[in-house]
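Okay, so here's the structure we're looking at.
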Amino acid sequence: MRITLLLPLLALVLTFTACSEQVEQKSRPNIVFIMSDDHAYQAISAYSDHLMQTPNIDRIADEGMLFSNACVTNSICAPSRATILTEKHCHVHGKIDNRFPFDTTQVTFPQIFQAAGYQTAMFGKLHFGNNPKGIDEFKILPGQGQYYNPDFNTNNGKIHIEGYTTDVITDLTMDWMKNRRDPEKPFLLFYLHKAPHREWLPAPRHFREYTKKTFPEPATLFDDYEGRGSAAREAEMNILTHQNWAGDSKLYPEVMDELGIEPTSHWDKRAMQNALNRFTDEQREAWNEVYRPINEEFKNMYPNMTEKELMSWRYQRYMQDYLGSIASVDEGVGTLLDYLDEEGLTENTLVVYTSDQGFYLGEHGWFDKRFIYDESFKTPLLVRWPGTVKPGSKSDEMVQNMDFAQTFLDIAGIEAPSDMQGESIVPLLKGDIKGWDRDAVYYHYYEYPAVHMVKRHYGIVTKEYKLAHFYYDVDEWELYDRKNDPMEMQNEYNNPEYADVVAELKEKLTDLRVQYGDSEELDQKLIDLYTKK
Ligand code: SGN
Ligand code: CA
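First residue of the sequence shown: 720, per our numbering; consecutive thereafter.
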């Protein structure tokens, strides 16, 4: 008698538990992390539309939040990615530059999500020296990857796919979303673009369009670095003097020879040849149809061009290819967002768009990144989370690429490991400014001497000021007044009017170094390792 009564009760309890687990599973938000490589916020129309329109990326901010002071801890590729995966500063996770190895026994946040029952997938460019851990299905480009007809490392070995890489990455992502994602389980998806990394090769549909455009020059294109320190003067990032003629400006090697133009670097001609060698006949034909006339025109103009005209020409060439390669990224983001709508996933999915760091688009005459100065220190950050983030909202808080993992763990209701060094930005997403107490961030760049010759430096940045110490082969301090000198043209470090600011920031910087476990001893140890003393 008792057993017959108990059995249905037990069944009910079991059914209820199963149901509530299902409800629970379903209501845990999905996370879509979209990151491109070297995408400057200046090239996203949600930030500024003076260069191009990015309607699909903008949609994330229109329906969510745009961060105007999002920044990185170290403006270079692999270190930024290791910081995102571990939520630690570079001197803690050890991947301080593109060369140092990453200790793969460290916990990366996808492993935590996988263990908590999320399905995890990753497509595109990871570039931190290893395959990812904690990912059910990955297809990632080896190293820097290629713009055309890419190879991928996968859970099941290497594959090769013909096509334009940005589109291929979108297709792989959509294939997983449509065909292998389990709709009953929450997911963590990494959709990671190689574009617009150097050497900026757009898809044919976009180089046809963008090579016809002319872009406004930045006010500091002809910067003479007066008012700054030796680091800015000695960096090798100038568009006129340090870009490759073949690899970057897309001059044909034989045109360089004809004009007597010396290669800028030992890989100048090879960079272009390697890319062209991968093309199919059809891709090469489309390329030549557009780039041959540009070369012909340049051949005629070159003998009479002044340095200033040459800089302007190279800037336009750079922008046409850089922005043209972003156009496919924007289209891909649109494809994914549309799919989330069609499947009714939009409401319960957090979507993030970011880059591994910012980039110079001719500001200070530069390309590349690395510096603590704004264009490379800041990174785009757009976040959509319907029902929580107010559409069209903005934040100028100092958030960092070190905050992603804790934010994602927070929204998924998973406890974050106590040694993570970032903070959840959920209070900001909820518009709860009182729940956020960070007023300064710490930055440290290491890769020197190396390509682009940006000196080692660390610093502190608040909404108002930026204080940086350049060291190793110099001992120079720089202070910038971010409100009054947004283009960072005048180092105020020795200006007596800023003496109090300098003293206060130096103290805070010392505190931050202690808080995050960085020190002069560690700086020296890493220099010794780098120079193999
Ligand atoms: C290559 C690029 C550099 C770039 C580094 C690091 N040169 O060396 O311009 O700074 O990668 O980029 S290239 O001519 O080979 O493209 S990062 O994004 O991996 O940090
Ligand atoms: Ca990068």
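We put the CB at the ideal spot given by N, CA and C, even for glycine.
Annotated three-state conformation of residue 767 is coil, per DSSP. Contact annotation: residue 1114 and residue 922 have beta-carbon atoms that are not nearer than 8 Å.
Cβ contact annotation for residue 1078 (same chain, cutoff 6 Å, sequence separation greater than five): 757, 759, 1088, in chain order. In this chain, the beta strand (DSSP E) harbouring residue 1103 covers 1100-1103.
Checking the 7 Å criterion, the Cβ of residue 1219 is out of range of every heavy atom belonging to ligand 2. Closest by C-alpha distance to residue 1015, out of 1062, 973, 772, is 973. Sequence-distant Cβ neighbours of residue 1164 in its own chain, meaning closer than 6 Å and more than five residues away, are 793, 1089, 1176.
Secondary structure in the stretch 809-871: the beta strand (DSSP E) runs of 3 residues or longer, each lying completely within the stretch, are 838-843, 856-859 in chain order. With 16 or more other CB atoms across the displayed protein chains lying within 10 angstroms of its CB, residue 806 is buried. Partner residues in the beta bridge of residue 1069, as assigned by DSSP, are 750. DSSP places residue 1120 in the coil class of the three-state scheme, outside both helix and strand.
Residue 1117 and residue 840 have their C-alpha atoms some 29 Å from each other. Here residue 978 has 1021 as same chain residues with Cβ atoms under 6 Å from its own Cβ, once five neighbours each way along the sequence are excluded. In the three-state scheme derived from DSSP, where H, G and I count as helix and E and B as strand, residue 1163 is classed as strand. The alpha-carbon of residue 883 is positioned some 10 Å away from that of residue 998. Taken through DSSP and simplified to helix, strand or coil, residue 957 comes out as strand.
A heavy atom of ligand 1 is found nearer than 7 Å to the CB of residue 918. In the DSSP annotation of this structure, the continuous segment of the beta strand (DSSP E) that includes residue 1187 starts and ends at 1184-1189. In the structure shown, residue 1179 adopts extended strand secondary structure according to DSSP, grouped into three states. Taking the Cβ of residue 817 as the reference point, at least one heavy atom of ligand 1 falls within a distance shorter than 7 Å. Assignment of residue 949 by DSSP, reduced to helix, strand and coil, places it in the helix class. Listed in chain order, the non-local C-beta contacts of residue 890 below 8 Å within the same chain comprise 882, local neighbours out to five positions each way being set aside.
Excluding residues up to 5 positions away in sequence, 1143, 1144, 1145 lie with their Cβ nearer than 7 Å to the Cβ of residue 1126 in the same chain. A distance criterion of 7 Å places the beta-carbon of residue 796 in contact range of ligand 2, judged by its closest non-hydrogen atom. Put simply, of 1161, 1069, 1060 the residue whose alpha carbon is nearest the alpha carbon of residue 747 is 1069. DSSP places residue 1081 outside both helix and strand once states are collapsed to three, so it counts as coil.
Here the C-alpha atom of residue 927 lies approximately 10 Å from the C-alpha atom of residue 1039. Distance between residue 834 and residue 1061, taken at the CA atoms: about 29 Å.
Of the residues assessed, residue 761 falls on the buried side of the cut-off, its CB having 16 or more other CB atoms within 10 angstroms.
Note that the C-beta distance between residue 1112 and residue 893 is not below 8 Å. Under the three-state reduction of DSSP, residue 1200 is assigned to strand.
Excluding sequence positions up to five before and after residue 825, its CB lies within less than 7 Å of the CB of 805, 812, all in the same chain and listed in chain order. In the DSSP assignment, residue 969 is bridged to no other residue. Residue environment analysis places residue 991 among the buried positions, since at least 16 neighbouring C-beta atoms fall within 10 angstroms of its C-beta. Unbroken alpha helix (DSSP H) runs of no fewer than 4 residues, entirely contained in the stretch 969-1004, are found at 972-978, 987-997, following chain order. Note that the stretch 959-970 touches the stretch 912-919; at least 3 beta-carbon pairs, one per stretch, sit closer than 8 Å.
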